[in-house]
Amino acid sequence: MSNIVIIGAQWGDEGKGKIIDILSKDADYVVRYQGGNNAGHTVVVGTDKIILHLIPSGILHKNKICVIGNGVVIDPEALISEIEYLKKRNIDVSNNLRISDKAHVIFPYHKILDKLREEKFRKIKIGTTGKGIGPCYTDKFARGGIRIGDLLNKRLFKDKLKCNVEEKNAIFSKVYKHKIYRFDKIYQQYLDFVNIIKPYICDCSVLLNEAIRKKKKILFEGAQGTLLDVDHGTYPFVTSSNSTAGGACVGSGVGPTRINKAIGIVKAYTTRVGEGPFPTEFSAPLMKKIRTIGKEFGATTGRPRRCGWFDALVVKHAVAVNGLDGIVVTKLDVLDQMPKLKICRGYKYKGKLYEHFPSDIEVLWKAKPVYEEWPGWLQDTTKTKKFSKLPVNARKYLKRLSQLVGAKVEMVSIGSERNQTLFV
Ligand code: IMP
7 MSNIVIIGAQ
17 WGDEGKGKII
27 DILSKDADYV
37 VRYQGGNNAG
47 HTVVVGTDKI
57 ILHLIPSGIL
67 HKNKICVIGN
77 GVVIDPEALI
87 SEIEYLKKRN
97 IDVSNNLRIS
107 DKAHVIFPYH
117 KILDKLREEK
127 FRKIKIGTTG
137 KGIGPCYTDK
147 FARGGIRIGD
157 LLNKRLFKDK
167 LKCNVEEKNA
177 IFSKVYKHKI
187 YRFDKIYQQY
197 LDFVNIIKPY
207 ICDCSVLLNE
217 AIRKKKKILF
227 EGAQGTLLDV
237 DHGTYPFVTS
247 SNSTAGGACV
257 GSGVGPTRIN
267 KAIGIVKAYT
277 TRVGEGPFPT
287 EFSAPLMKKI
297 RTIGKEFGAT
307 TGRPRRCGWF
317 DALVVKHAVA
327 VNGLDGIVVT
337 KLDVLDQMPK
347 LKICRGYKYK
357 GKLYEHFPSD
367 IEVLWKAKPV
377 YEEWPGWLQD
387 TTKTKKFSKL
397 PVNARKYLKR
407 LSQLVGAKVE
417 MVSIGSERNQ
427 TLFV
């Protein structure tokens with residue numbers, strides 16, 4: 007198996023950063039293909055906790071080419087500060103970072119629009135991270151967006167930016183009564199940005215297809231999670247990109263026949279940040295307990311994550327839409343002190359039993375989860391060295407999750423350190 011795509015199989019924050027970091031060791035290229043700096047991948051190396059938002063976690067290993075694909079939306083200011091953040095930790099990106107010339111650029115007006123839309127007009131709040139992701143993708147699909155490559159062509163960039171600033175200023179002043187933007191200020195600022203990132207810009211599809219021809223190994227790193235995918239998630243409570251495995255092809259310029267395997271990262275329970283239905287959400291006391299043990303606070307915004315029981319319908323849906331070959335279960339240790347565990351294997355609404363994840367948002371809001379109960383293991387698992395040495399009840403719990411979602415468990419994570427990982 008050479009080329010693998012790793013995706014989040016729930017609502018994001020499944021612990022992909024750590025797993026991607028481990029799997030990156032065997033890869034030659036690590037590729038981000040969607041989303042932007044709304045993502046936050048945390049990797050613990052020794053005593054250092056590194057949080058990456060845009061640059062693939064593979065950057066923490068030497069000699070890996072890390073690619074930000076065309077499907078990503080880039081805030082150059084955030085990218086430059088991430089490059090600086092890594093430099094301060096003696097991680098030099100100069101030889102191994104590549105950025106697609108087709109990736110779209112986030113401008114200050116996108117970030118403001120993100121917040122204004124949410125505050126003023128949305129009856130239903132999405133709980134956006136406010137990083138300008140949605141408005142930037144809106145411009146991309148409306149064919150008015152500006153791509154990284156456009157910044158290199160001063161005349162083209164000037165024309166495109168003028169149109170955009172004019173249009174956005176009309177919206178700001180007429181619709182939102184908000185201050186308007188000065189074209190020259192943004193223009194100059196972004197010309198300065200592109201001077202810094204110029205050395206990294208490339209044609210990502212050519213780069214990756216050439217690598218495939220040379221039998222190099224590629225790891226595609228999904229951001230967010232399946233339930234936040236704009237097509238397959240809990241719409242409208244989603245992000246604006248395809249965070250599912252299919253997004254890896256469109257977002258990097260590599261065909262589906264060139265990807266050999268898809269792995270889903272799954273938390274041993276469920277979390278979500280932001281608004282939207284969450285059928286297995288805990289009641290307040292349990293929420294507080296798991297949030298504290300699991301340190302469930304967003305890596306990007308610091309917001310407390312909502313927590314709940316493992317929802318097999320969610321992950322079964324992820325197995326299907328991503329074509330998952332296997333799953334990696336993370337944060338099993340967070341459940342060490344739980345005497346009993348519940349697993350949701352269906353929803354009931356208006357007398358109907360749902361055994362597949364429904365797309366109807368009303369059903370998701372109102373459905374009652376159908377649970378089965380499993381005994382906990384009440385033992386510390388964090389120092390376990392082998393899968394077979396996990397407590398019997400922990401292995402039974404994992405076996406049941408695997409049966410219900412229809413995918414085999416390939417790895418289990420029992421702590422944030424690289425060595426707290428068990429291979430099945
Ligand atoms: P946006 O994409 O920043 O506008 O956020 C849309 C929704 O996706 C919000 O509910 C966010 O909390 C959620 N979201 C975006 N990125 C992430 C992530 O990396 N992890 C978890 N949730 C995310």
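Going by the numbering used here, the sequence shown opens with residue 7, and the numbers climb by one from there. Where a beta carbon is used, it is the ideal one built from N, C-alpha and C, also for glycine.
Start-to-end residues for the beta strand (DSSP E) that takes in residue 417: Start and end: 414-419.
Integer-rounded CB distance, given that residue 411 should sit under 8 Å from residue 301: Actually they are not in contact, since the Cβ atoms of residue 301 and residue 411 sit about 25 Å apart, beyond 8 Å.
Own chain, CB closer than 7 Å to residue 189, minus 5 neighbours either side, in chain order: Here the set comprises 167, 168, 171.
Beta-carbon gap between residue 407 and residue 288 smaller than 8 Å: Their beta carbons are not under 8 Å apart, which means residue 407 does not touch residue 288 by this criterion.
Closer than 7 Å: residue 132 CB and nearest the ligand IMP heavy atom: Checking every heavy atom of the ligand IMP against the Cβ of residue 132, one is found closer than 7 Å.
heavy atom of the ligand IMP below 7 Å from residue 324 C-beta: Result no, Cβ not under 7 Å from the ligand IMP.
Rounded separation between residue 272 and residue 109 - CA only: Annotation: residue 272 to residue 109 spans about 28 Å, alpha carbon to alpha carbon.
Residue span of the alpha helix (DSSP H) that contains residue 212, given as start and end: Annotation: the continuous alpha helix (DSSP H) that includes residue 212 extends over 210-219.
Terminal residues of the beta strand (DSSP E) in which residue 158 lies: Element bounds for residue 158: n/a, residue is neither H nor E.
Reduced DSSP secondary structure (H/G/I, E/B, other) of residue 288: Correct three-state label for residue 288: coil.
Helix, strand or coil at residue 140 according to DSSP, with G and I counted as helix: It is helical.
Local Cβ density within 10 Å of residue 243, reported as buried at 16 or more and exposed below that: Residue 243 is buried by the Cβ-count criterion.
For residue 269: DSSP bridge partner residues: Beta-bridge pairing links residue 269 to 12, 332.
Those runs of the beta strand (DSSP E) which lie wholly inside the stretch 41-67 and span at least 3 residues: You should have 47-51, 54-58.
Start and end residues, alpha helix (DSSP H) containing residue 189: Taken as a continuous stretch (DSSP letters only), the alpha helix (DSSP H) holding residue 189 covers 189-203.
Straight-line Cα distance separating residue 29 from residue 156: Distance between the alpha carbons of residue 156 and residue 29 is about 34 Å.
Among 331, 380, 335, the one whose alpha carbon lies nearest that of residue 344: Looking at the Cα atoms, 380 is the closest of the given residues.
The ligand IMP heavy atom lying under 7 Å from the CB of residue 48: Outside the cutoff, so no.
Whole-number beta carbon distance between residue 246 and residue 139, since they are thought to touch under 8 Å: That pair is a contact at about 6 Å.
Residue 243: CB within 7 Å of a non-hydrogen atom of the ligand IMP: Placement of the Cβ of residue 243 at a distance of less than 7 Å from at least one heavy atom of the ligand IMP is found.
N-terminal and C-terminal residue of the beta strand (DSSP E) that residue 397 is part of: From DSSP, residue 397 is part of no beta strand (DSSP E); its letter is neither H nor E.
Endpoints, the beta strand (DSSP E) within which residue 314 is located: If you look at residue 314, you'll find it in the beta strand (DSSP E) that goes 312-314.
Option in 182, 196, 290, 364 with minimal Cα separation from residue 314: Here the closest residue by C-alpha is 290.
Beta-carbon spacing of residue 36, residue 214 below 8 Å: Residue 214 sits away from residue 36, with the two beta carbons spaced by 8 Å or more.
Whole-angstrom C-beta distance between residue 310 and residue 297, which should lie under 8 Å: Rounded, the Cβ-Cβ distance is 6 Å, consistent with contact.
The beta strand (DSSP E) enclosing residue 379, as first and last residue numbers: Per DSSP, the continuous beta strand (DSSP E) segment holding residue 379 begins and ends at 374-381.
Rounded distance between the beta-carbons of residue 278 and residue 312, thought under 8 Å: With a contact defined as Cβ atoms closer than 8 Å, residue 312 and residue 278 qualify at about 5 Å.
Burial state of residue 120, where buried means 16 or more other Cβ atoms lie within 10 Å: By the beta-carbon neighbour count (other beta carbons within 10 angstroms, threshold 16), residue 120 is buried.
Chain-order list of residues whose beta-carbon lies under 7 Å from that of residue 403 (same chain, five-residue window excluded): Closer than 7 Å at the Cβ level, and outside the excluded window around residue 403, lie 347, 380.
Backbone CA spacing between residue 369 and residue 426 [nearest angstrom]: Across the structure, residue 369 and residue 426 are spaced so that their CA atoms are roughly 38 Å apart.
Check: residue 139 C-beta below 7 Å from any heavy atom of the ligand IMP: Taken from the Cβ of residue 139, at least one heavy atom of the ligand IMP lies inside 7 Å.
Backbone CA spacing between residue 416 and residue 248 [nearest angstrom]: Whole-angstrom Cα-Cα distance: 24 Å.
Nearest neighbour of residue 236, chosen from 80, 221, 430, 144 [CA to CA]: It is 144.
Alpha helix (DSSP H) segment containing residue 256, residue limits: First-last of the alpha helix (DSSP H) with residue 256: 253-256.
Three-state secondary structure (DSSP) of residue 206: Judged by DSSP in its simplified three-state form, residue 206 adopts helix.
Test item: CB-CB of residue 43 and residue 266 under 8 Å: Cβ distance not < 8 Å, so residue 43 and residue 266 don't count as in contact.
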